[in-house]
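Only one structure is covered here, and it is reproduced in the block below.
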Amino acid sequence: MRSKLLAAASAAALTSVLLAAPGTAAAEPVPRPVAADRLSVLVPSDLVPPAPTPEELRRALGRIARASDGRVRIGSAGRTNEGRPIRLATVGHGGTRLLYVTQQHGDEPLGTPAAVRALWALGVPDTAWHRWLRSRITVDVVVQANPDGAVRNQRYNHDPGASGPYAEPGVGYDINRFHNPLTPAAENPVPESRAVLRLWRATRPAVVVDYHMQGRYLQPDGRETTASILWPTSPLAGEAAVTASRRLAVRNYDAMRLLAGANVTRYPGGDYEGIARNAYGILGSASLLVELSNLPADRVEFQIRSAFVSMIATAQGAADRTLWRADPARADTVEERGPELPGAATALRRADAA
Ligand SMILES: [Zn+2]
3 MRSKLLAAAS AAALTSVLLA APGTAAAEPV PRPVAADRLS VLVPSDLVPP APTPEELRRA
63 LGRIARASDG RVRIGSAGRT NEGRPIRLAT VGHGGTRLLY VTQQHGDEPL GTPAAVRALW
123 ALGVPDTAWH RWLRSRITVD VVVQANPDGA VRNQRYNHDP GASGPYAEPG VGYDINRFHN
183 PLTPAAENPV PESRAVLRLW RATRPAVVVD YHMQGRYLQP DGRETTASIL WPTSPLAGEA
243 AVTASRRLAV RNYDAMRLLA GANVTRYPGG DYEGIARNAY GILGSASLLV ELSNLPADRV
303 EFQIRSAFVS MIATAQGAAD RTLWRADPAR ADTVEERGPE LPGAATALRR ADAA
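Dropping the structure here:
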């Protein structure tokens, strides 16, 4: 019964969220949209585990490249200090570029399986809608940006010589503090951050979404928050980029709530320009942070699905341009994240600075 109700809610949400708003002047026909949540049924259930090792990720991406007949291109954005490739997967050939980044913090894995599934869902099927989508946009995904951290289940990259701000001595650097676009690359000690910055400069994406995980929090209404989002808050980010980012946030807020059933709040993030959310807003992209709560094991699939819906809805909104019709003022109505769930302190608490 519950699933039927959810299905009905999803169908209604499809109409309200994903159907293009009534026409602009351009009379270009847009194929009927595919619901972001429904695309997941196309993805093989054994494609990728919830927290893949770099080797499991390599195999999953190879499988997608073959199944998509080359429509999903696999490469690397750079190499880590231990020589691991920083996986880059690209789908589409349209002029509007998007960049998704997952797992900068090695112990925050769930954006990675979501991205793998999204790459399959966007690149393997070859319907008219898929061909249309891929003709409009190009999505680059830095999948598991921190493989050295992933193999250690640690937040930081691997750099035993790390020192200074945002370093854990003897361990490594916090990759998500080294995207400052004002820092010359030669002075940036973090290869993973340099790789994402280099990719940004090569592709100039209109949209950047960075996927993380947070602890567990309650909302004012007593429900548990399942995800939090935030746009650039650095005073260095220009007004146009911040407005576009707020539209991106509203679009994600609607899609994750209505299509994935997520409880979404506003993430209490800082203004530092080395954080990817701020850095890519400063550079001019619509930029968004998505934080999935670290829910118990039986909710992991739900969380992966939330990120998957975010990725597909963002891609679709960029392709049909409905993304830019969202009301940016509605970003202010996203409730602030509430207090921690009592007794639910997790290892991710300290990751709460995204
Ligand atoms: Zn994080």
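Each position in the sequence shown, counted from 1, maps to that position plus 2 in my numbering.
All residues carry an ideal CB built from backbone N, CA and C; glycine is no exception.
Where N280 falls, given that 16 or more other Cβ within 10 Å makes a residue buried: Position 278 of the sequence shown, counting from 1, holds the residue named residue 280. With 16 or more other Cβ atoms within 10 Å, it is buried.
Residue burial classification, L184 (beta-carbon count within 10 angstroms, cutoff 16): Indexing the sequence shown from 1 puts residue 184 at position 182. Looking at its Cβ environment, which holds fewer than 16 other Cβ atoms inside 10 Å, L184 is exposed.
I'd like to know if the segment 189-202 and the segment 119-135 are in contact, where contact means that at least 3 CB-CB pairs between them fall below 8 angstroms. No, the segment 189-202 is not in contact with the segment 119-135.
Own chain residues within Cβ distance below 8 angstroms of H95, not counting five before or after: Here residue 95 is taken as the residue at index 93 of the sequence shown, counted from 1. Only R136, S137, T140 meet the Cβ criterion.
Helix, strand or coil: which one does DSSP assign to H107? Residue 107 sits at position 105 when you count from the first residue of the sequence shown. Of the three classes helix, strand and coil, the one that applies to H107 here is coil, per DSSP.
When you compare only the Cα positions, how much space is there between S70 and P171? By one-based count along the sequence shown, residue 70 stands at place 68. By one-based count along the sequence shown, residue 171 stands at place 169. If you take the alpha carbons of S70 and P171, they lie about 43 angstroms apart.
The alpha helix (DSSP H) that contains A251, what's its start and end? What you label residue 251 is simply residue 249 of the sequence shown in a count that begins at 1. Segment 241-262, the alpha helix (DSSP H) holding A251.
Could you pull the start and end residues of the beta strand (DSSP E) that I306 belongs to? As a first step, residue 306 must be located in the sequence shown, where it is residue number 304. From DSSP, I306 is part of no beta strand (DSSP E) but of the alpha helix (DSSP H) over 302-322.
Alpha helix (DSSP H) containing P203: first to last residue? Here residue 203 is taken as the residue at index 201 of the sequence shown, counted from 1. The question names Pro, yet the displayed sequence has Arg at residue 203. Per DSSP, R203 belongs to the alpha helix (DSSP H) from 193-205.
Please report whether the beta-carbon of A243 lies at a distance below 7 angstroms from any beta-carbon of chain C. No chain C is present in this structure, which holds just one protein chain.
Go ahead and pull the three-state DSSP assignment for L41. Numbered from 1 along the sequence shown, position 39 holds the residue referred to as residue 41. Three-state DSSP puts L41 in a helix.
Could you pull the DSSP bridge partners for Y175 from this structure? The residue labelled residue 175 in the question sits at position 173 within the sequence shown. In the DSSP secondary-structure assignment, Y175 is bridged to A169.
Under the three-state DSSP convention, the category T17 falls into: Counted from its first residue, the sequence shown places residue 17 at position 15. Reliability fails at T17, whose pLDDT of 38 lies under 50, so the model's placement of it is uncertain and the value that follows must be treated cautiously. Shown here, T17 sits in a helix according to DSSP, grouped into three states.
Would the beta-carbon of A117 fall within 7 angstroms of that of L261? By one-based count along the sequence shown, residue 117 stands at place 115. By one-based count along the sequence shown, residue 261 stands at place 259. Going by C-beta atoms, A117 is not nearer than 7 angstroms to L261.
Closer than 8 angstroms is the cut-off here; do at least three beta carbon pairs connect the segment 332-340 with the segment 102-117? Three or more beta-carbon pairs separated by less than 8 angstroms are not found between the segment 332-340 and the segment 102-117, which leaves the two stretches without contact.
Cβ-heavy atom distance, E110 to ligand 1, below 6 angstroms: Looking up residue 110 in the sequence shown gives position 108. Distance from the C-beta of E110 to the nearest heavy atom of ligand 1 is below 6 angstroms.
Quick one: is T129 buried, meaning 16 or more other Cβ sit within 10 Å of its Cβ, or exposed? The sequence position of residue 129 within the sequence shown is 127, counting from 1. It is exposed - the Cβ of T129 has fewer than 16 other Cβ atoms within 10 Å.
Taking just the CA atoms, how far does L291 sit from P111? Counting from 1 along the sequence shown, the entry for residue 111 is found at position 109. Counting from 1 along the sequence shown, the entry for residue 291 is found at position 289. Those two C-alpha atoms are separated by around 15 angstroms.
Tell me the DSSP secondary structure of T267 in three-state form. The count along the sequence shown starts at 1 and reaches residue 267 at position 265. Strand, per DSSP.
Is it right to say P46 is buried, meaning 16 or more other beta carbons lie within 10 angstroms of its own, or is it exposed? By one-based count along the sequence shown, residue 46 stands at place 44. Residue burial annotation: P46 is exposed, with fewer than 16 other C-beta atoms found within 10 angstroms of its C-beta.
Out of R327, A239, Y274, L297, which one is the CA nearest neighbour of I284? Within the sequence shown, the letter at position 282 stands for residue 284. Checked all of R327, A239, Y274, L297; the closest Cα to I284 is A239.
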